[in-house]
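Top to bottom, those sequences are chains A and B. Every letter in the first sequence is one number past the one before it in the working numbering, and letter 226, counting from 1, is 242. Every letter in the second sequence is one number past the one before it in the working numbering, and letter 121, counting from 1, is 478. From the three backbone atoms N, C-alpha and C, an ideal C-beta is built for every residue, glycine too.
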Amino acid sequence: MPDAAPHHPRATHDLPAPPPVLRVENLRKHYGPIHAGVEAVRGISFHVCPGEIVALLGINGAGKTTTISMILGVLEPTAGSITIGGISLAHHRSRALACTNFAAVYAPLPGNLTVYQNLRVFALLYGVHNFPARLAEVLDAFDLHRFRDTKCGLLSSGEQTRVGLAKAMLNRPRILLLDEPTASIDPASARDIRSLIRDFARRTHTGVLWTSHNMYEVEEVCDRVMFLSQGEIILEGDPRSLPAQYGKSTLEELFISVAREPLDLGALQP
Amino acid sequence: MNLARILALPLRQLYLYRGSAARVVPLFAWVTIDMVLWGFMTKFLGSLAHTSYRFVPALLGAVLFFDFMTRVMQGVTTAFFEDVWSRNFLNVFATPITMPEYISGLLLTSLATSLVGLGVMIAVATIGFGLNFAAYGAMLLPFVLVLFLTGMALGVTAIAIVLRFGPAAEWFVWPIPALLAPFACVYYPLATLPAPMQWLARLLPPSYVFEGMRAVVSGHSFNGELLTAAFALAILYILLAYWIFARVFRHAVQTGLIARYSAETVS
Numbered sequence: 017m018p019d020a021a022p023h024h025p026r027a028t029h030d031l032p033a034p035p036p037v038l039r040v041e042n043l044r045k046h047y048g049p050i051h052a053g054v055e056a057v058r059g060i061s062f063h064v065c066p067g068e069i070v071a072l073l074g075i076n077g078a079g080k081t082t083t084i085s086m087i088l089g090v091l092e093p094t095a096g097s098i099t100i101g102g103i104s105l106a107h108h109r110s111r112a113l114a115c116t117n118f119a120a121v122y123a124p125l126p127g128n129l130t131v132y133q134n135l136r137v138f139a140l141l142y143g144v145h146n147f148p149a150r151l152a153e154v155l156d157a158f159d160l161h162r163f164r165d166t167k168c169g170l171l172s173s174g175e176q177t178r179v180g181l182a183k184a185m186l187n188r189p190r191i192l193l194l195d196e197p198t199a200s201i202d203p204a205s206a207r208d209i210r211s212l213i214r215d216f217a218r219r220t221h222t223g224v225l226w227t228s229h230n231m232y233e234v235e236e237v238c239d240r241v242m243f244l245s246q247g248e249i250i251l252e253g254d255p256r257s258l259p260a261q262y263g264k265s266t267l268e269e270l271f272i273s274v275a276r277e278p279l280d281l282g283a284l285q286p
Numbered sequence: 358m359n360l361a362r363i364l365a366l367p368l369r370q371l372y373l374y375r376g377s378a379a380r381v382v383p384l385f386a387w388v389t390i391d392m393v394l395w396g397f398m399t400k401f402l403g404s405l406a407h408t409s410y411r412f413v414p415a416l417l418g419a420v421l422f423f424d425f426m427t428r429v430m431q432g433v434t435t436a437f438f439e440d441v442w443s444r445n446f447l448n449v450f451a452t453p454i455t456m457p458e459y460i461s462g463l464l465l466t467s468l469a470t471s472l473v474g475l476g477v478m479i480a481v482a483t484i485g486f487g488l489n490f491a492a493y494g495a496m497l498l499p500f501v502l503v504l505f506l507t508g509m510a511l512g513v514t515a516i517a518i519v520l521r522f523g524p525a526a527e528w529f530v531w532p533i534p535a536l537l538a539p540f541a542c543v544y545y546p547l548a549t550l551p552a553p554m555q556w557l558a559r560l561l562p563p564s565y566v567f568e569g570m571r572a573v574v575s576g577h578s579f580n581g582e583l584l585t586a587a588f589a590l591a592i593l594y595i596l597l598a599y600w601i602f603a604r605v606f607r608h609a610v611q612t613g614l615i616a617r618y619s620a621e622t623v624s
């Protein structure tokens, strides 16, 4: 399985690479009885370095959301370990989760609270200090000031996504998990959001694990991609050079090849 | 335990109450109706019986305290249901909040909302029907405390049921107080019940409280050992309820139910 030495997007030969903010080792998830059921994730290992944006790609049902759920601590792995900021999730759940945050299109914030109220509640849950200043920063960053006192349920899906991202950055996480963060946003806003997340990751050295079905987006934003198929990582590399290595002209073509013939990947070997 | 994380839950509930009359009205409407209904019922019974039995503190007071216990339970469950109704489990349980903190937050919310209900009931019962809390003497506080602890235990057990069986199981929760009422001896003495029901009643802390209330207002003393038994049972049930919830939560995390709660079951 691919888990080479920690990679850092801006590592130099003079400085040792910083330790990963997320390290996943031999992670497995089996749903249902041991001898029946489904093995959704099959012993995957990977890491995300500070400031690095890593895409977790794969068709629906490949195991991406299962992997993210395990990293978020809402799904217990069958085997393997997850370390966040050097803290074991299994042994110090609360401390480890204080270093994370996430945004997912399937987990909108409660629609019956205003933007301010939601962010205030989650600031308490994540232990955010100096909330007024941090609130102003994230409202600024996501252009949400005018919606400050609007109930989230009244916002458009794109605006709700921005509120979700504001929540995700509230506690300055060391690892940010984004499950299709721009899925419901128009192309212009999506570009702004991508730029914002990329700047945030670079400036704060936050590692980002990003899932998306938009290969253009992945090429534009991510430092590294991992292709997940049937619960295993079968390809990993730079999204800009990886397609050519496998004789494909675009990342989307490579994605389709992997999706259609994941077990025949040997034929694609460079 | 982290106080800020605990306070996040009552704060969320306060925001919801501030913005919704539909949530505020039930805090006092049903208990007011109950007090008015049982207040007149008590007056009527008092006019029929030619005894010195004090119906107001014995019956109306018992109804008031049973309603308080019900409000405590519903305070816990309603705060939990807010996460169910808004599909917020993933957001909440992916934060650093721990299980004891989450439960403490629900209990604190329940304390606040049930005290509002208690205040309204006391006002209606005293002003409208002359209920005098001095009739319970020094036993008032222990009685209220036992009922509060029992309400908490019921609330935590109820949310464990809903977490385990999905949002539709909400309908198992609402009738719980009505199911307990016959055994809790709210309206009549324990001796009225047939022997098997008495056995069940002795397992419920409220039955000791209501027996004690009737004894005190009749001028008799209440056995301290019975009060101790009521406390012990209430604390035992809280521990048991927490254990059940922790087991159910662990099951939900193992099976993926937290992440896919709207599906109700992962099997």
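Just curious, the beta strand (DSSP E) that residue i is in, first and last residue?
i: A:R44; result: L38 to Y47
i: A:A56; result: V54 to V64
i: A:E248; result: E248 to G253
i: A:V241; result: R240 to S245
i: A:T222; result: Element bounds for A:T222: n/a, residue is neither H nor E.
i: A:T99; result: A95 to I100
Is any beta-carbon of chain A found at less than 7 Å from that of residue i?
i: B:R428; result: no
i: B:T434; result: no
i: B:S461; result: no
i: B:Q611; result: yes
i: B:L498; result: no
i: B:N625; result: Nothing can be reported for residue 625 of chain B: it is not among the residues displayed for chain B, which extend from 358 to 624.
i: B:I454; result: yes
i: B:Y372; result: yes
i: B:I595; result: no
i: B:E621; result: Residue placement at B:E621 cannot be trusted, given a pLDDT of 47 that sits under 50; the coordinates are not used to answer.
i: B:L360; result: no
i: B:A616; result: yes
i: B:S443; result: yes
i: B:R369; result: yes
Distance, Cα to Cα, residue i vs residue j?
i: A:I191; j: B:G376; result: 34 Å
i: B:L488; j: B:A469; result: 23 Å
i: A:I250; j: A:H63; result: 15 Å
i: A:R178; j: B:F602; result: 34 Å
i: B:A482; j: B:M392; result: 6 Å
i: B:T612; j: B:L364; result: 29 Å
i: B:I479; j: B:L371; result: 23 Å
i: A:N117; j: A:L181; result: 9 Å
i: A:T222; j: B:L561; result: 53 Å
i: A:M17; j: A:G53; result: Any answer about A:M17 is weak, because its pLDDT of 41 lies below 50 and its placement is not dependable; what the coordinates show is given next. Roughly 24 Å separates the two Cα atoms.
i: B:D424; j: B:N580; result: 24 Å
i: B:L596; j: B:L511; result: 11 Å
i: A:V121; j: A:L193; result: 12 Å
i: A:P203; j: A:L212; result: 14 Å
i: B:S578; j: B:A495; result: 11 Å
i: A:G59; j: A:R256; result: 27 Å
i: A:L170; j: B:W442; result: 16 Å
i: B:V574; j: A:G89; result: 54 Å
i: A:E235; j: A:G263; result: 17 Å
i: B:W531; j: A:N42; result: 45 Å
i: A:G77; j: A:E153; result: 36 Å
i: B:A586; j: B:A526; result: 32 Å
i: B:G523; j: A:T82; result: 20 Å
i: B:V623; j: A:P148; result: Low confidence applies to B:V623: its pLDDT is 47, below 50, so where it sits in the model is not reliable, and the reading given next is rough at best. Roughly 41 Å between the two C-alpha positions.
i: B:V610; j: A:E92; result: 6 Å
i: B:N448; j: A:A123; result: 7 Å
Counting only beta-carbon separations shorter than 7 Å, does residue i have a partner in chain B?
i: A:L140; result: yes
i: A:S173; result: no
i: A:A206; result: no
i: A:P22; result: Note on A:P22: pLDDT 46, under 50, position unreliable in the model; no value is reported.
i: A:V137; result: yes
i: A:E92; result: yes
Which residue comes first and which comes last in the alpha helix (DSSP H) that contains residue i?
i: B:V574; result: P562 to V574
i: B:I601; result: G581 to T612
i: B:V388; result: A378 to L405
(message) Count Cβ pairs between the segment 226-238 of chain A and the segment 70-82 of chain A that sit closer than 8 Å; are there 3 or more?
(response) yes
(request) Could you tell me whether the segment 503-514 of chain B touches the segment 581-592 of chain B, using the rule of 3 or more Cβ pairs below 8 Å? (result) Yes: at least three Cβ pairs fall under 8 Å.
(request) Answer yes if the segment 525-538 of chain B comes into contact with the segment 453-461 of chain B, meaning at least three C-beta pairs across the two stretches below 8 Å, and no otherwise. (result) no
(request) Jot down the residue ranges of each uninterrupted alpha helix (DSSP H) in the segment 471-533 of chain B, minimum 4 residues, whole runs only, in chain order. (result) 497-522 and 527-530
(request) Examine the Cβ distances between the segment 249-263 of chain A and the segment 418-431 of chain B and report whether three or more of them are shorter than 8 Å. (result) no
(message) So within the segment 106-186 of chain A, which uninterrupted beta strand (DSSP E) runs reach at least 3 residues, ignoring any that extend past its ends?
(response) 116-120
(request) Report yes or no: do three or more beta-carbon pairs, one from the segment 429-441 of chain B and one from the segment 512-531 of chain B, lie closer than 8 Å? (result) yes
(message) With three or more C-beta pairs closer than 8 Å as the rule, is the segment 138-150 of chain A touching the segment 444-453 of chain B?
(response) Touching, per the Cβ criterion.
(message) Measuring CB atoms only, is the segment 31-40 of chain A touching the segment 92-103 of chain A, in the sense that at least three cross pairs come out at less than 8 Å?
(response) yes
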